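When we follow our numbering, the leftmost residue of the sequence shown carries the number 11, and every step to the right adds one. What follows is a single structure, written as structure tokens, with notes after it.
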Amino acid sequence: MEGVFEFGLVVAIMLAVGTFLMFMVPVALANFRKANRVGREPSSDLEALHGELDELRSLTPRMAELEERLDFAERLLAQRDAERLPRGRDD
11 MEGVFEFGLV VAIMLAVGTF LMFMVPVALA NFRKANRVGR EPSSDLEALH
61 GELDELRSLT PRMAELEERL DFAERLLAQR DAERLPRGRD D
């Protein structure tokens with residue numbers, strides 16, 4: 011009779027452990043996935059922002075060069091227009 015009791019006790023313990031694992035493992039996995047997903051999003055967003063910031067910083071010298079070229083083109087056009095305009099009379 012003792013063997014049946016021990017067997018029943020082992021089965022009851024295994025059922026309890028199985029039930030615990032059946033309910034807790036999915037919850038633990040969901041929490042783990044959520045923690046990893048939350049942990050990765052800001053870092054990927056942060057990396058994207060760093061990339062955009064680097065791109066904007068690289069545009070500053072290009073913008074300055076374009077401003078210089080525009081100023082040069084405006085001076086040339088103003089000079090060309092000044093040469094084409096008829097001169098006033100010196101009376």
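We put the CB at the ideal spot given by N, CA and C, even for glycine. Source: prediction; values computed, not measured.
Look up Leu76 in the DSSP assignment and say whether it is helix, strand or coil. helix
Glu107 to Leu59, Cα distance in whole Å? Examination of residue 107 is not possible in this model, given that the chain is present from 11 through 101 alone.
Go ahead and pull the three-state DSSP assignment for Leu31. helix
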